[in-house]
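The structure appears right after this line, and notes come after that.
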Amino acid sequence: MLSREAAAFFDRLAGDWDCIAVHPRERVESVLAPLGDLAGRRVLDVGSGTGVLLPYLSARVGPSGRVLALDLAPRMIEESRRKHRAPNLAFEVADFLDWRSDEAFDALVAYSCFPHFDDPGAFWDSAARNLAPGGLALVAHIEGRERINAMHGKRAPGVSRLLPPAFELARLAEARGFEPLEATDEAERYLVLARRK
Ligand SMILES: C[S@@+](CC[C@H](N)C(=O)[O-])C[C@H]1O[C@@H](n2cnc3c(N)ncnc32)[C@H](O)[C@@H]1O
119 MLSREAAAFF DRLAGDWDCI AVHPRERVES VLAPLGDLAG RRVLDVGSGT GVLLPYLSAR
179 VGPSGRVLAL DLAPRMIEES RRKHRAPNLA FEVADFLDWR SDEAFDALVA YSCFPHFDDP
239 GAFWDSAARN LAPGGLALVA HIEGRERINA MHGKRAPGVS RLLPPAFELA RLAEARGFEP
299 LEATDEAERY LVLARRK
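The working numbering numbers the first residue of the sequence shown as 119 and each following residue consecutively.
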């Protein structure tokens with residue numbers, strides 16, 4: 119199972135993660151923009167890691183919204199909890215692929231983590247299970263697919279799969295009960311946005 123190995127791999131990296139990965143503000147904001155207005159919404163950050171997205175999501179949902187940071191690796195969540203404190207943030211350690219929330223979310227983001235999921239179909243099934251009808255699911259990277267696949271081949275073999283072409287992932291979402299809204303496969307941006315029917 120990729121999940122078990124991924125948890126151990128990311129637990130080992132948790133302390134250094136923020137020095138390893140760089141996320142320029144304007145590029146992060148540009149991949150989040152398709153989610154539109156999130157004020158007052160319940161948003162799930164899947165594979166949240168040390169919480170690079172949390173300041174952006176916390177600000178976007180505002181005081182009446184809520185963001186749940188979910189990750190498989192306990193140490194990633196531990197680091198994240200230490201760094202990010204806001205009344206609208208909560209944290210949970212869980213494998214998203216078999217997770218079932220008590221509440222339905224309005225949007226979820228899987229930022230820079232999709233290749234580490236064991237089973238792309240199970241990702242969309244969990245997204246469908248945990249989103250409210252009409253809820254948005256966004257899979258996003260601020261680098262292009264070729265670069266991500268080359269990098270994972272070198273640095274994360276055994277804990278990553280190839281990122282598929284965006285249109286293929288959108289098609290899979292459609293087969294799992296989503297309406298695809300955007301599929302972008304560019305040199306510096308990979309994005310699949312779909313709405314739960
Ligand atoms: C490359 S890191 C990205 C973390 C963060 N999104 C960022 O951009 O810094 C991928 C994260 O996905 C998490 N992950 C992998 N498989 C997962 C799963 N099945 N459920 C939840 N989190 C998972 C890993 O533990 C890791 O923290």
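For glycine and all other residues, C-beta sits at the position ideal for the given N, C-alpha and C.
Limits of the beta strand (DSSP E) - the one that residue i falls within
i	result
GLU210	207-211
ARG279	Taken as a continuous stretch (DSSP letters only), ARG279 belongs to no beta strand (DSSP E), as it is neither H nor E.
LEU186	184-189
Sub-8 Å separation of residue i and residue j beta-carbons
i	j	result
LEU249	PHE223	yes
VAL185	ASP163	yes
LEU207	SER176	yes
ARG294	TRP217	no
PHE192	VAL211	It should be pointed out that residue 192 corresponds to Pro in this sequence rather than to Phe. Cβ distance < 8 Å, so PRO192 and VAL211 count as in contact.
SER219	PHE209	no
GLU221	ARG160	yes
Limits of the alpha helix (DSSP H) - the one that residue i falls within
i	result
ALA245	238-248
PRO233	Per DSSP, PRO233 belongs to no alpha helix (DSSP H) and is neither H nor E.
ARG193	192-201
DSSP-derived helix/strand/coil call for residue i
i	result
PRO251	strand
ARG160	strand
VAL227	strand
ASP129	helix
ASP216	helix
PRO142	coil
ALA124	helix
SER166	coil
PRO181	coil
LEU171	coil
ALA204	coil
GLU264	helix
Identity of the residues DSSP links to residue i by a beta bridge
i	result
HIS259	TYR308
PRO298	ALA312
ASP136	Per DSSP, none; premise fails for ASP136.
ASP303	TYR308
Cβ neighbour criterion (16 or more within 10 Å) applied to residue i
i	result
ARG122	exposed
ASP303	buried
LEU153	buried
ARG273	exposed
LEU280	exposed
SER166	buried
ILE138	exposed
PRO282	buried
ALA301	buried
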